[in-house]
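Numbering (our numbering), first residue to last: 16 to 312. Where a beta carbon is used, it is the ideal one built from N, C-alpha and C, also for glycine.
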Ligand SMILES: [Fe+2]
C-alpha cells in the first residue's frame, strides 16, 4: 500500500475495523476485504475468512485468521485521518437519526445532507475534564445497542473541541449546570464542518444535573443516546421520564428543561435555523428540589 492512502482506502480500512456486533458490520468488513483483495493487499485465503465471518456481525475474523495461520501483512496499521473520522461520525449520526421517528428528525437530516461534504477543519483541541470523567460511561451504555456509533464517537473525540461554556450568568443557569456540561460542535459556526443556519453536535451533561427551563428561537432536536432522563416542557408542566433513543423536538420558543438521570446524558443535538439567537432561562420556583432530586435511585 502506498504511503499516501486515498480516502477510498481509508474508508475501506475504517470499514474493516467496524465495531463488532453492529448490525450489517460482517458484510461491511467482507466488502472492505474484497476491496483490498482486488488490489492484491488481502490474500484469497484471508478473504475467505472474511466471507465466513460475514454471517455473524459479532465475530472477529482475527480469531479464524489466526487459527488458519493467516497474517494480514500487506495491510499495515495505519491511523485513519482525523478528518475522515469526523465524516464517518457525521455519517453514523445520520444513519442513527434515520432509524428514529418523530418531528424534526427529517429537518436535521436535511441539514446534514446539505453540509456533510463541506471541508473539514480540525485543530488539536484541549482535553475537557468532564469528557474524561463521563464520556466513557455514556459510550459503554450506548455500545450495547449501537456499537458503531459509540466506537466512532470514542475514536473522534480526541480531535473534537468539547466546550464547557461557563460564561452564562451562574445565578440564572445554575452553578451546577455551568460546570457540568460540555458540547462538541460537528457542523455549524466555528465547527469542524462550517455552516450557517444549521448546527449539529454532541452534548454531554453529568449525572443528576438539572438543565433549567429555557427557550430559544432555534427549533431544536435532541436525540438522547443514553437514558432514562427527565424532561418537562414548561415550568408548570409535569416531569416526564423518557428512555434513550426517544427524540425530543423543541419548536421555536417552546420552553424545555432536562433533568439528567443516573447515567451521564449524551445526546446528538441539531438546530435547524436562527442559530445565532441566544437562549433565555425561564424562572421557576422548584429548581432547588429538582436539582437535589436523584432519578432512579
Ligand atoms: Fe434548548
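The DSSP-derived three-state label of residue 222 is coil. In the displayed model, residue 109 falls within a helix according to three-state DSSP. Counting along the chain, the unbroken beta strand (DSSP E) around residue 265 starts and ends at 263 to 265. Proximity of the beta carbon of residue 170 to ligand 1 is not indicated: no heavy atom of the ligand is located closer than 6 Å. For residue 291, the Cβ stays outside the 6 Å cut-off from all heavy atoms of ligand 1. Bridge pairing for residue 247: 272 [DSSP]. Under the DSSP assignment, residue 285 falls in the beta strand (DSSP E) whose first and last residues are 280 to 286.
Residue 214 has 286 as its beta-bridge partners, per DSSP. Residue burial is scored here from C-beta neighbours: residue 161 has at least 16 other C-beta atoms within 10 angstroms and is therefore classed as buried.
Rounded to the nearest whole angstrom, the C-alpha separation of residue 232 and residue 50 is 47 Å.
Partner residues in the beta bridge of residue 237, as assigned by DSSP, are 263 and 284. Excluding the 5 residues flanking it on each side, residue 180 has same chain C-beta neighbours closer than 8 Å at 196 and 198, in chain order. With a cut-off of 6 Å, the C-beta of residue 63 is classified as distant from ligand 1, since no heavy atom of the ligand falls inside that distance. Under DSSP, the beta-bridge partners assigned to residue 198 are 178 and 218. Here residue 83 carries a coil assignment [DSSP, helix/strand/coil].
One alpha carbon belongs to residue 28, the other to residue 193, and they sit about 40 Å apart. Between residue 80 and residue 178, the alpha-carbon positions lie close to 43 Å from each other. The three-state secondary structure of residue 296, taken from DSSP, is strand. Unbroken alpha helix (DSSP H) runs of no fewer than 4 residues, entirely contained in the segment 19 to 80, are found at 22 to 31, 40 to 53 and 59 to 68, following chain order. According to DSSP, residue 188 shares a beta bridge with no other residue. Cβ neighbours of residue 207 within its own chain (closer than 7 Å, five residues either side excluded): 101, 135, 136, 137 and 201.
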